[in-house]
Amino acid sequence: MRTYRAELLTVAPHAGVFPAAGLPEIAVVGRSNAGKSTLINMLMGRRALARTSARPGKTRAIVFFDVEGRFVLADLPGYGFSRAPKKEQAGWRRLVDAYLGSGRPIAGVIALFDIRREPDELDRALLAMLGRFGLAWLPVWTKADKLARSRLAGRCRQLDRLFGAAQPGVAVSSLGSLGRQAVLDWIETSSANTKGARG
Ligand SMILES: Nc1nc2c(ncn2[C@@H]2O[C@H](COP(=O)(O)OP(=O)(O)OP(=O)(O)O)[C@@H](O)[C@H]2O)c(=O)[nH]1
Ligand SMILES: [Mg+2]
């Protein structure tokens, strides 16, 4: 399996400390605990590049990774952490709005959803936000290993209908490499089609 040379650039709790924009960026978004940090590790073929946690709400900042000087992965904080106070949820929105609307060269957004969950109003609000900023997004159904094999294809079709994305979603599991190559291909194509801020 190909692994990637990726390194931590910046942990940014607010827009004032975003790294200088340069390379095309791929943002990873989703509910708290959906598996964003785990997916980044799986894609990069690295065990502990991005910090993961069984406790939701771990990542409260945007974590930027440089991947081989070719593109940037941005691990966005999760939404919908039910015990987070209102003030913190407002903080989430401000940070994510600032990032998505920053005019940085965002090549695409990987939107993660737990394959077992039904979409709710928070998911719809996120998708509305992506639409508002005109960003291309790839749906990714996480934790596919939690579902019986026989139900996988049917569930993916059902989620495709429910989310109504421009393209079918990719089922992934961190226990193996299910979906890994499809997501990597999407990243490579999206970032190749986006000019970085420095041209
Ligand atoms: N079985 C299984 N567990 C997974 C998978 N992906 C993530 N998990 C588990 O789900 C939990 C949350 O994963 P994280 O990657 O930390 O989730 P996150 O979206 O980054 O969470 P926040 O940073 O809190 O927003 C961890 O206990 C992971 O081990 C998967 O594909 N299969
Ligand atoms: Mg995380």
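First residue of the sequence shown? That's 11 in my numbering, and the numbers climb one at a time after it.
Every residue gets a Cβ at the ideal spot worked out from N, C-alpha and C, and that includes glycine.
Residue environment, residue i, which counts as buried when at least 16 other CB atoms sit within 10 Å
| i | result |
| --- | --- |
| ALA176 | exposed |
| VAL27 | exposed |
| ARG114 | buried |
| SER47 | buried |
| GLY209 | Any reading at GLY209 must be qualified, since the residue scores a pLDDT of 49, below 50, and its modelled position is unreliable; the value itself is stated next. Counting Cβ neighbours within 10 Å, GLY209 comes out exposed, since fewer than 16 surround it. |
| ALA60 | buried |
| LEU140 | buried |
| LEU185 | exposed |
C-beta contact flag for residue i and residue j at 8 Å
| i | j | result |
| --- | --- | --- |
| PHE123 | ASP133 | yes |
| ILE72 | TYR14 | no |
| ALA16 | ARG56 | yes |
| ALA181 | TRP147 | no |
| GLY45 | LYS153 | yes |
| ALA42 | PHE75 | One point to set straight first is that residue 42 is Ser, not Ala, in the sequence displayed. No. Outside cutoff. |
| LEU105 | ALA30 | no |
| ARG190 | MET52 | yes |
| MET11 | SER201 | no |
| GLY32 | ALA207 | yes |
Identity of the residue in the options nearest residue i by Cα
| i | options | result |
| --- | --- | --- |
| ILE120 | GLY179, PRO29, ALA30 | GLY179 |
| ASP195 | SER112, ARG104, TYR89, GLY118 | GLY118 |
| GLY40 | ILE125, MET11, GLU78, LEU19 | ILE125 |
| ARG127 | VAL193, PHE173, GLY111, GLY141 | PHE173 |
| PRO23 | GLU98, LEU162, GLY32 | GLU98 |
| SER112 | GLY144, MET11, GLY88 | GLY144 |
| GLY142 | ASP107, ARG171, LEU185, SER184 | One detail in the question is off: residue 142 reads as Arg in this sequence, not Gly. Nearest of ASP107, ARG171, LEU185, SER184 to ARG142, Cα basis: ASP107. |
| VAL193 | ARG93, VAL21, MET54 | MET54 |
| TRP102 | VAL77, LEU136, GLU78 | LEU136 |
| ILE197 | THR20, ILE50, THR62 | ILE50 |
Check: residue i C-beta below 7 Å from any heavy atom of ligand 2
| i | result |
| --- | --- |
| SER47 | yes |
| ASP85 | yes |
| THR62 | yes |
heavy atom of ligand 1 below 7 Å from residue i C-beta
| i | result |
| --- | --- |
| ALA192 | no |
| LEU185 | yes |
| GLY4 | A question about residue 4 goes unanswered here, because the residues of the chain that appear run from 11 up to 209. |
| VAL182 | yes |
| ALA22 | no |
| ASP155 | yes |
| ALA44 | yes |
Any 3 or more C-beta pairs closer than 8 Å across the region 79-96 and the region 31-40:
Look at the beta carbons and you see the region 79-96 touching the region 31-40: at least three pairs across the two are nearer than 8 Å.
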